[in-house]
Structures are given as structure tokens and as C-alpha cells.
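Residue numbers (the working numbering), protein chains in the order written: chain F, 8 to 465; chain E, 15 to 119. Glycine included, every Cβ here is placed at the ideal spot set by N, Cα and C. Predicted model, so just to flag it, every value in this text is computed and none were measured.
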Amino acid sequence: MPAAGQDLVYLIAAVMFVLGLRGLTHPRTAVRGNLIGALGMLLACTVTLAAAGLEFGWIIAGLLIGAVTGGWLAYATPMTGMPQMVALLNGFGGGASFLVAGVELSTRMNETTGLMELVATAATGLIGGVTLTGSLVAFAKLEEHQWTERVKIPAQLVVNLALLLVCLGLSVLQIQQPAMPVWFWLIVLLSLVLGVSLVISIGGADMPVVIALLNSYSGIAAAATGFVLSNTVLIISGALVGASGLILCKVMCDGMNRSLANVLFGNVGMGGPAGPSADEVYATVKTTSPDEVALLLDSARRVVIVPGYGMAVSQAQHVVSDLTKVLNERQVQVEFGIHPVAGRMPGHMNVLLAEADIPYELMKEMDEINPTLEQTDVAIVLGANDVVNPLARTDPQCPIAGMPIIDVDRARTVVVIKRSLSPGFANIPNPLFAAKNTLMLYGDGRKAVQEIINALKE
Amino acid sequence: MQIWILAETTSAAPSPMLLITIFVLAIFVGLEIITKIPPTLHTPLMSGSNAISGITLIGALVAAGDPQSAWGWKLLGCAAVALATINVVGGFLVTHRMLGMFKKK
């Protein structure tokens, strides 16, 4: 139990985290908010180090390794790699939590330790372990390591349930025999396995939900560590992060009209009634050329660009920014319609566009952009597919039925820039591509947009 | 009086109920604030909250620096310090880097 002065500083730190998060409610105040949070963290660490008679050898070693690695990750990771970096950080948070709880249990706890601390220790082991390996698998999936798609665990639900039950059984043993740390480390070991088997079967396009959920877990693990140490700043901070991850999770699930359980345990695109085949749907597809698109844009007054994961893959955000500038010079209004699940994490597209100097006022949420699409001359779909599939509105039998989409089909003309007619994650054909007002421009996103710019300038 | 002071300064731990109360209220504070954060900033929100969950660092510092522990536990503590520091340093820096990109017209 920390002394009163130390507790006061911890309280100040917790308040600074709250204020820091509040700063994120607007881009204008966000930088300051982040700095307030960082300052709170510095305060909390300083007062911890100043307090009791600690030996600094191992501390300095850990701080150095962490600071160098963290600094390197923060500056070497490209903006397209943000989902991977956040996945890694989630995992490290979980790992740090169960290590702290494990050391505390192994060195200080005994039969006199209270029930709350013991329960919290077991919970930290379970949640921290799942978070660590679950995040590492999510990281590997985001890096598109193919082995993660090949691994199939037979009777997965049964395996997961069995692992969870054994972990809970071990937790009871650990709580009954706190002097035997081996139970705790067995919980950790099995949770590490559980983390892998929970995430391994979830598809790449569902990673936004998974990362948000693991983000929440890393917060809950930190809060559980707070209960282990009876430390309020850990509890408050962990609760804030846990809440944040949950909200993002809900935003993502609503964006797909799916329940969390369906994302975690269901498999989209497998089975279900067969809709019309791709050949039937795509019988009337019209192809276009960069020159033709340039002509269209030249006579347009309002253009909406709908980016998807394909924009990140082809690193097209910078040429998109150039196109925006060229069009603005010609008095064409350009806005961006961003679907909540576009990309591989919440807000992924916004960060990429911001990186390319596109002002944040031009980035519109789905609900904001949809009513404006009827007055839009040209909608450009860049590397997105399922999030603009009108079947979601019309076919109650299809896998994405009821999913909110960006209604690009209501624009006067739709230009879809895509490598081929290959289906998106939902694995269904997209009638938008064959609609009367749609033109397909095949090719790599960045190249295609560059060619449109060149044609516009001629 | 003296006994009261003694009890006050050596009291082992706050009651579990008090800690749970703090936890539940903090979740509601979190829900209130986070729902107001625009989707445009959801990626920096995630990296920023990664940094905040690095608060485990203060527990890790004690685990790594406890002079009474065997070196094996200190080593694990050191690993915890390293992981949590990656979160704190990496999280705040990358959030700062991202937020710097969000500009007005």
C-alpha cells in the first residue's frame, strides 16, 4: 500500500489520463491531450522510483530496452503499419501485466493474502496471457503471414472451451494454495495457448474488431494488476482503456451489422445459400480508361472518394491527395466518405489521408456522407468492395445483409478503381460493379490515380 | 489517539469494495469520454490508450527493483519493465506523430 503522498500523485496522474483522453475529442486539442497523458505517466513513474528503497540495476536495463524499442517502433512504423503496431502494443501490455502479477504472487503472497488479490492475480494471468499471444497472432495476420490462414484447429470451439475451463480450475487451485506459484504459471501457459487458438481462425478483414477487443483486454489486464497491487491509478487507467476498447469494438461490429460473437466464432463467406454467380452479375460490366475518368472529373462539381483497404495496400494516399489538389484548383469540391470498417483498424483510412496532408474536415463519416451522394457527380471507390455493396440493402439472404454501406450507387457516376472483379472478404459478387452508372477502371490504385491526374493535366 | 495513527499508517490495503467502486466508476468515465471521440481519431485513440495501459510500468518498476527478491524474479520484473516501457514510449510517441498529421484546411 503506497504512502499517502504517493497516492495523491497517482490520483493526479489518473486525472491527467482522463484529461488527456478528453483532449482526443477534437483534432485541435488532441496533441495537447496526448502530452498531458504522457506527463501524467512521467509523474506516476517518478514518484514510484523516488518512493521506496529500490535497486536500480534491473530497472534501468528494462527502461533502456523498452525506451529504445518503443522509440524505434514509433518512428520506423509507416502509417500503413499502424494496425500491426497497435496489435503489438496490446500484446506487450498484456504481457507486462501478467509478469507483474506473477512476480508479486511468487515473492509476496501467502496464506494471509486477501481473496481479492488472489482472484485478481489469476484473472491477470488469464487475460494477460490471452492478450499477449492473441495480439501476436493478430499481428502476424495483419502482416499477411500465410501460415496464419492455413492453421486449422479441429473442433475449435471445444478446444477453446476446454482450455478456458482448465484455466478456471487452475485458478481455484492458485487461490487455495497461494504459496504454490506453479498454478499461476500454468494458467499463464494455457492462456498463451488459448490466445493463439482464439484468434487464429478469424479472417484478416475482421482484425479491426479483434484489435479493438484485445485493446480492451490489455486495459482490463492492467486494471486487474491494479487489484493485485491495490493500486488505484492502475485500476482507473485500466478501466479507461478497457472502456475505450469496448466502444471501438461496438463501433466496428455495428459497422458490419454483426454481433461480437459472430465475428469471433462465425465464419463469413462460408456456406449459406448461394446467390447469383459472379458471371451472371458481371454480365454488363463497363470498363473505362483514365482519360475518360479525367473528362468526367473535369466536368464534375462534386466528387466523393471512398477509400478501402486497397488504398493502404497500394500506398495510394499521396496520389489521392494530389488528385484532390488538382480538382480543388478546378473548383471541384472533393470529400471523403469513410466507412467505419474500411481498412484494418478503426480510423485507419483517416490516418493515411491525414498523412497525405488531406485536411480532416474533408473526411466524412458514413452517416454524414450518405445523404450527400445524390448530389454527387462522381463517386470514386478506391480499393473498397463490401462496404459499397448494395446487396447489403436489397438481399436479406446475403452474408452482409443489413450492414450499413456507403451509398455510392446513388451518385450520378461511380468509378471503381480495382485490380480485378475478385470478391471482397464476404466472398460475394458486387452488383455495383455492373450497375448502369458504374465504370470499372482496372489496375493498381496508385498507378490508376496517377494516370487520371496526368490525363487531367493534359 | 496514538493507536489510531498507527492503524491509519500501517493499514494493509483498501477494502476490495472500495477498489471495485473506483473501477466501475472509472469505466463509466471512460465510456462517457470515449463515445465523444470522433471516428477520425480512433487510430490515435487506440495507440494513446496503449500508452495509458502501460501504467503497469509502475508495478513493474517495483517488481524489478525489489532488493529482497531473488534475481530470477527481478529478471521477470525487468522484462515487465521493458514491455511496459515499449507501450508507454512507443504509444505516446506514435500518437504524437499521428496527431501531428491531422491538419485543418
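Would you mind reading off the limits of the beta strand (DSSP E) that contains residue i?
i	result
residue 425 of chain F	420 to 425
residue 446 of chain F	445 to 449
residue 388 of chain F	385 to 389
Indicate whether residue i and residue j have their beta-carbon atoms separated by less than 8 Å.
i	j	result
residue 89 of chain E	residue 103 of chain F	no
residue 311 of chain F	residue 342 of chain F	yes
residue 348 of chain F	residue 447 of chain F	no
residue 44 of chain F	residue 57 of chain E	no
residue 134 of chain F	residue 17 of chain F	no
residue 406 of chain F	residue 435 of chain F	yes
residue 112 of chain F	residue 104 of chain E	no
residue 198 of chain F	residue 24 of chain F	no
residue 21 of chain F	residue 240 of chain F	yes
residue 328 of chain F	residue 365 of chain F	yes
residue 195 of chain F	residue 132 of chain F	yes
residue 412 of chain F	residue 399 of chain F	yes
residue 318 of chain F	residue 346 of chain F	no
residue 450 of chain F	residue 390 of chain F	no
residue 100 of chain F	residue 83 of chain E	no
residue 149 of chain F	residue 94 of chain F	yes
residue 330 of chain F	residue 424 of chain F	no
residue 367 of chain F	residue 54 of chain E	yes
residue 31 of chain F	residue 62 of chain E	yes
residue 463 of chain F	residue 201 of chain F	no
residue 72 of chain E	residue 55 of chain F	yes
In chain E, what lies closer than 9 Å to residue i by C-beta?
i	result
residue 80 of chain F	100, 103, 104, 107 and 108
residue 154 of chain F	Going along chain E, no residue has its Cβ under 9 Å from residue 154 of chain F, so there is no contact; the nearest lies around 25 Å.
residue 192 of chain F	Going along chain E, no residue has its Cβ under 9 Å from residue 192 of chain F, so there is no contact; the nearest lies around 10 Å.
residue 375 of chain F	Neighbours of residue 375 of chain F on chain E: none; closest Cβ ~10 Å, over 9 Å.
residue 353 of chain F	53, 56, 57, 59 and 60
residue 364 of chain F	115 and 117
residue 234 of chain F	30, 33, 34 and 37
residue 412 of chain F	Near residue 412 of chain F there are no residues of chain E at all, since even the closest Cβ is about 16 Å away, more than 9 Å.
Residue i versus chain E: which residues are under 8 Å apart at the beta carbon?
i	result
residue 367 of chain F	54, 116, 117 and 118
residue 202 of chain F	Under the 8 Å cutoff, chain E gives no residues; its nearest Cβ is about 15 Å from residue 202 of chain F.
residue 92 of chain F	61, 104 and 108
residue 492 of chain F	The question about residue 492 of chain F has no answer here: the residues shown for chain F are numbered 8 through 465.
residue 347 of chain F	53
Go to residue i, then tell me how far its alpha helix (DSSP H) extends in each direction, as first and last residue.
i	result
residue 289 of chain F	Unbroken run through residue 289 of chain F: none, as it is neither H nor E.
residue 433 of chain F	No alpha helix (DSSP H) contains residue 433 of chain F, which DSSP labels as neither H nor E.
residue 258 of chain F	239 to 263
residue 457 of chain F	452 to 464
residue 100 of chain E	First-last for residue 100 of chain E: undefined, no H or E at that position.
residue 47 of chain E	30 to 48
residue 13 of chain F	11 to 30
residue 112 of chain E	105 to 113
residue 149 of chain F	122 to 149
residue 284 of chain F	Here residue 284 of chain F belongs to no alpha helix (DSSP H), and DSSP marks it neither H nor E.
residue 399 of chain F	398 to 401
residue 297 of chain F	297 to 305
residue 72 of chain E	70 to 79
residue 269 of chain F	267 to 272
residue 377 of chain F	Run containing residue 377 of chain F: none; DSSP gives neither H nor E here.
residue 124 of chain E	The requested residue 124 of chain E does not occur in the structure, where chain E is confined to residues 15 to 119.
residue 294 of chain F	Element bounds for residue 294 of chain F: n/a, residue is neither H nor E.
residue 157 of chain F	154 to 157
List, in chain order, every chain E residue whose beta-carbon is nearer than 7 Å to that of residue i.
i	result
residue 29 of chain F	47
residue 22 of chain F	By Cβ distance, chain E contributes nothing, its closest Cβ being about 10 Å from residue 22 of chain F, past 7 Å.
residue 113 of chain F	87
residue 387 of chain F	Ordered by position in chain E, no residue passes the 7 Å Cβ test against residue 387 of chain F, which lies about 20 Å from the chain.
residue 62 of chain F	79 and 81
residue 4 of chain F	Outside the modelled stretch of chain F, which goes from 8 to 465, sits residue 4 of chain F, for which no answer is possible.
Just to check, is the beta-carbon of residue i closer than 7 Å to a non-hydrogen atom of the ligand FMN?
i	result
residue 37 of chain F	The ligand FMN is absent from the structure shown, which contains no ligand whatsoever.
**Asked** Is the number of C-beta pairs between the region 283 to 294 of chain F and the region 359 to 371 of chain F that are closer than 8 Å three or more?
**Response** no
**Asked** Which runs of the beta strand (DSSP E) fall wholly inside the region 313 to 374 of chain F and span at least 3 residues, in chain order?
**Response** Under the rule that a run must span 3 or more residues, the beta strand (DSSP E) segments found entirely inside the region 313 to 374 of chain F read 340 to 345 and 370 to 372.
**Prompt:** Okay, do the region 183 to 201 of chain F and the region 97 to 116 of chain F touch, 3+ Cβ pairs below 8 Å being the bar?
**Reply:** yes
**Message:** Taking 8 Å as the cut-off, does the region 44 to 53 of chain E touch the region 205 to 224 of chain F (at least 3 CB pairs, one atom from each stretch)?
**Reply:** These segments do not touch.
**Message:** Taking beta-carbon pairs under 9 Å, can you tell me which members of the region 311 to 343 of chain F lie near chain C?
**Reply:** Although the question refers to chain C, the structure presented lacks it and instead comprises the protein chains F and E.
**Item:** Runs of alpha helix (DSSP H) wholly within the region 45 to 101 of chain F (minimum 4 residues, chain order)
**Value:** 64 to 83
**Message:** Within 8 Å, do at least three Cβ pairs link the region 372 to 392 of chain F to the region 303 to 317 of chain F?
**Reply:** Yes: at least three Cβ pairs fall under 8 Å.
**Request:** Report yes or no: do the region 231 to 238 of chain F and the region 258 to 272 of chain F share at least 3 C-beta pairs separated by less than 8 Å?
**Result:** no
**Asked** Using 8 Å as the threshold, is the region 107 to 117 of chain E in touch with the region 138 to 149 of chain F, meaning 3 or more CB pairs across them?
**Response** no
**Asked** Residue ranges of each alpha helix (DSSP H) run of no fewer than 4 residues wholly in the region 161 to 229 of chain F, ordered along the chain?
**Response** 163 to 183 and 188 to 206, all fully within the region 161 to 229 of chain F.
**Asked** Counting pairs of Cβ atoms below 8 Å between the region 118 to 125 of chain F and the region 155 to 166 of chain F, do you hit three or more?
**Response** no
**Message:** Taking 8 Å as the cut-off, does the region 36 to 43 of chain E touch the region 59 to 77 of chain F (at least 3 CB pairs, one atom from each stretch)?
**Reply:** no
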